[in-house]
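Peer 1: Per my numbering, the sequence shown runs over residues 52 to 437. Glycine included, C-beta positions come from ideal geometry on N, C-alpha and C. Everything numeric in this text was worked out from a predicted model, so none of it was measured. The structure's right below; bear with me while I get my questions together.
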Amino acid sequence: MLTGFRYRLAPTGEQAGLCQVYGGICRAVWNTGLHQRREAVRRWQRGQDLPYCGYHLQARQLAEAKTEETWLKAAPSHILQQTLKDLDRACRDHGTFNVRWRAKGRWKPSFRFPAGARVIVQRLGRKWGRLKLPKLGWVRFRWSRAPKGTVRSATVSRDGAHWYVSILCEDGQHTPQAHERPDSAVGIDRGVAVAVATSDGDLFNRTFQTPKEHERERRLRRRLSRQHKGSANRARTQAALSKLTGRVRARRADFAARTARVLCDQNAVVVLEKLHTTNMTRSAKGTVDAPGTHVRQKSGLNRAILARGWHGFKLACQNAARRTATRIVEVNPAYTSQTCHPCGHVAPENRESQSVFRCVVCGHRAHADVNAARNTRARGWTNPSG
């Protein structure tokens with residue numbers, strides 16, 4: 052089973068400079084490759100007979116370009132090939148015209164070394180270790196836990212002011228044949244006020260951003276909007292903002308991983324609502340001819356949904372399920388919050404408030420999110436033992 056281990060690097064000034072150069076070259080290769088693919092699609096739509104612009108063609112063109120362009124020679128060939136592989140996978144999964152450009156100010160530099168046998172990891176002491184990366188040499192990193200298994204690849208990325216390495220290892224473990232509790236199941240309702248509510252009545256929640264952090268982020272974003280692009284002051288503001296939002300992302304990811312692990316350890320089936328977060332958080336502004344309504348309220352709801360990390364929680368459940376043989380099921384979420392679980396009556400009036408559910412027919416009372424989670428569980432799983 053493949054497992055990732057992430058560490059914070061402590062590169063020297065020269066190593067950090069090389070990482071920045073490698074990341075910039077990978078960004079240029081990504082954008083050039085994406086441009087070629089889009090042009091190839093446009094020409095094919097006009098009826099021109101051209102060879103398929105895929106990974107193998109672009110890899111050959113990249114090898115030819117490295118003999119002519121000196122700036123491409125600064126980066127190892129295998130990390131550029133990995134960039135083209137990532138681009139090929141993204142185009143096949145999402146469509147060529149749905150893949151984003153990697154803008155300089157929006158993209159975080161990253162590149163991957165695919166030759167795991169050339170990545171050597173050593174421990175130096177209680178808090179520090181070092182690993183040997185091609186072209187970079189020995190790089191120190193904070194030793195938070197020991198990597199287990201055989202190294203397959205290493206990805207170097209920058210988040211804020213720090214560089215990180217993610218080591219992908221084959222730990223030798225396998226997904227069990229069956230869950231320890233094969234007759235157990237739980238329904239999940241992901242919400243805004245409560246992050247995760249279960250059909251068992253458990254409420255999992257955590258504050259990802261304190262009020263002071265929220266106020267500081269608001270001030271930094273206002274300051275950023277007034278500063279000139281490319282200025283030193285803007286760079287400092289971006290670094291401070293990235294550090295602040297990075298802490299929030301780390302808390303959200305930690306909450307999702309911990310909660311998913313608890314749910315998958317205890318249940319053979321986890322039933323989630325099939326939520327299309329992108330569509331749910333679409334802006335309500337409308338157009339000049341047909342302006343939207345309740346735009347500010349919808350914007351606040353969109354921010355609240357994105358702040359809860361619904362999609363990240365789903366991915367965390369899928370990751371945790373590999374070690375417990377838990378089955379992840381997604382069901383249609385329509386009317387789960389308005390349906391009475393005992394009698395099945397559907398009405399908007401059943402939902403008295405955000406947290407209170409009271410059926411107008413049978414009088415059943417429950418926490419609104421827990422009632423929705425029970426409906427979700429009923430749609431996705433039936434106890435075979437009755």
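What did DSSP end up calling C391 once you bin it into helix, strand or coil?
Peer 2: As a first step, residue 391 is located in the sequence shown; it is residue number 340 there, counting from the start. Correct three-state label for C391: coil.
Peer 1: Kindly indicate the opening and closing residues of the beta strand (DSSP E) around D210.
Peer 2: Looking up residue 210 in the sequence shown gives position 159. First-last of the beta strand (DSSP E) with D210: 201 to 210.
Peer 1: Report the rounded CA-to-CA distance for W214 versus Q109, giving the unit in angstroms.
Peer 2: Taking the sequence shown and counting its residues from 1, the one referred to as residue 214 is at position 163. Taking the sequence shown and counting its residues from 1, the one referred to as residue 109 is at position 58. Cα-Cα distance, rounded: 29 Å.
Peer 1: What are the start and end residues of each continuous alpha helix (DSSP H) run of 4 or more residues lying completely inside the region 97 to 121, in chain order?
Peer 2: 106 to 119
Peer 1: State the DSSP-derived secondary structure class of Y175, mapped to helix, strand or coil.
Peer 2: Taking the sequence shown and counting its residues from 1, the one referred to as residue 175 is at position 124. The residue you asked about is not Tyr; residue 175 is Leu in the sequence shown. It is coil, neither helix nor strand.
Peer 1: Please state the DSSP three-state secondary structure of W158.
Peer 2: Stepping through the sequence shown from its first residue, residue 158 is reached at position 107. If DSSP states are grouped into helix, strand and coil, W158 belongs with coil.
Peer 1: Should C70 go down as buried or exposed, given a rule of 16 or more other Cβ atoms within 10 Å for buried?
Peer 2: Residue 70 sits at position 19 when you count from the first residue of the sequence shown. Answer is buried; the Cβ neighbour count reaches 16.
Peer 1: What three-state label does DSSP hand H145 in the structure shown?
Peer 2: Sequence index remark: in the sequence shown, residue 145 carries index 94 (1-based). H145: helix per DSSP, three-state reduction.
Peer 1: Which same chain residues end up closer than 6 Å to Q260 when comparing Cβ atoms and leaving out the 5 residues on each side of it in sequence?
Peer 2: Here residue 260 is taken as the residue at index 209 of the sequence shown, counted from 1. Once the five neighbours on either side are set aside, the close Cβ partners of Q260 are V299.
Peer 1: Would DSSP call H362 helix, strand or coil?
Peer 2: Position 311 of the sequence shown holds residue 362. If DSSP states are grouped into helix, strand and coil, H362 belongs with the helices.
Peer 1: Which residue's Cα is closest to the Cα of R274: A291, N383, A61?
Peer 2: As a position in the sequence shown, residue 274 is number 223, starting the count at 1. Measuring from the Cα of R274, the nearest candidate turns out to be A291.
Peer 1: With contact counted as at least three CB pairs below 8 Å, one residue from each stretch, are the region 413 to 422 and the region 345 to 361 in contact?
Peer 2: no
Peer 1: What is the rounded straight-line gap between the Cα of T377 and the Cα of G363?
Peer 2: Within the sequence shown, the letter at position 326 stands for residue 377. Within the sequence shown, the letter at position 312 stands for residue 363. Answer to the nearest angstrom: the Cα atoms are 17 Å apart.
Peer 1: Identify the continuous alpha helix (DSSP H) that holds E231 and give its terminal residues.
Peer 2: Within the sequence shown, the letter at position 180 stands for residue 231. Where E231 is concerned, there is no enclosing alpha helix (DSSP H), given that its DSSP letter is neither H nor E.
Peer 1: Please work out which residues of its chain come closer than 6 Å, Cβ to Cβ, to P227, disregarding the five sequence neighbours upstream and downstream, and give them in chain order.
Peer 2: For this step, residue 227 is matched to residue 176 along the sequence shown. So the qualifying residues of the chain are A376.
Peer 1: What's the call for S334, buried or exposed, on a 16-neighbour Cβ count within 10 Å?
Peer 2: Locating residue 334 in the sequence shown gives position 283, counting from the first residue. Exposed, since its Cβ has fewer than 16 Cβ neighbours within 10 Å.
Peer 1: When we look at the beta-carbon of K365 and count the other beta-carbons within 10 Å, is it buried (16 or more) or exposed?
Peer 2: By one-based count along the sequence shown, residue 365 stands at place 314. Label assigned to K365: buried.
Peer 1: Assign G431 to one of three DSSP states: helix, strand, or coil.
Peer 2: The count along the sequence shown starts at 1 and reaches residue 431 at position 380. G431 falls in the helix class under three-state DSSP.
Peer 1: Secondary structure at G55, three-state DSSP: helix, strand or coil?
Peer 2: As a working mapping, residue 55 is identified with position 4 in the sequence shown. Strand.
Peer 1: Can you give me the start and stop residues for the beta strand (DSSP E) that G188 sits inside?
Peer 2: Indexing the sequence shown from 1 puts residue 188 at position 137. Per DSSP, G188 belongs to the beta strand (DSSP E) from 188 to 193.
Peer 1: Can you find a heavy atom of the ligand GTP that lies under 7 Å from the Cβ of R181?
Peer 2: In terms of ligand content, the structure shown is empty, and the ligand GTP therefore cannot be addressed.
Peer 1: Quick one: what does DSSP say P262 is sitting in, helix, strand or coil?
Peer 2: Looking up residue 262 in the sequence shown gives position 211. P262 falls in the helix class under three-state DSSP.
Peer 1: In the DSSP assignment, what are the bridge partners of R153?
Peer 2: Here residue 153 refers to the residue found at position 102 when the sequence shown is read from its first residue. DSSP, once it has assigned bridges, lists no residue as partnering R153.
Peer 1: For S217, name the three-state secondary structure that DSSP assigns.
Peer 2: Taking the sequence shown and counting its residues from 1, the one referred to as residue 217 is at position 166. Strand, per DSSP.
Peer 1: How do the region 279 to 297 and the region 223 to 239 stand: do at least 3 beta-carbon pairs fall below 8 Å, yes or no?
Peer 2: Verdict: no, contact absent.
Peer 1: Suppose you measure from the CA of G343 to the CA of G176; what does that come to, to the nearest Å?
Peer 2: Locating residue 343 in the sequence shown gives position 292, where the first residue counts as 1. Locating residue 176 in the sequence shown gives position 125, where the first residue counts as 1. Taking the straight line from one Cα to the other gives about 59 Å.
Peer 1: Can you look up K124 in the DSSP assignment and give me helix, strand or coil?
Peer 2: Residue 124 sits at position 73 when you count from the first residue of the sequence shown. In the structure shown, K124 sits in a helix (DSSP, three-state: H, G or I).
Peer 1: Taking C-alpha atoms, which residue in R272, S250, T258, T296 lies nearest to L314?
Peer 2: Your numbering for residue 314 matches position 263 in the sequence shown. Cα-wise, what sits closest to L314 is S250.
Peer 1: In the DSSP assignment, find the alpha helix (DSSP H) that holds A290 and state where it starts and stops.
Peer 2: Within the sequence shown, residue 290 is the residue found at index 239, counting from 1. Judged by DSSP secondary structure, A290 falls within the alpha helix (DSSP H) whose first and last residues are 283 to 317.
Peer 1: Under three-state DSSP, which class holds H86?
Peer 2: Residue numbering aside, residue 86 sits at position 35 when the sequence shown is read from its first letter. Helix.
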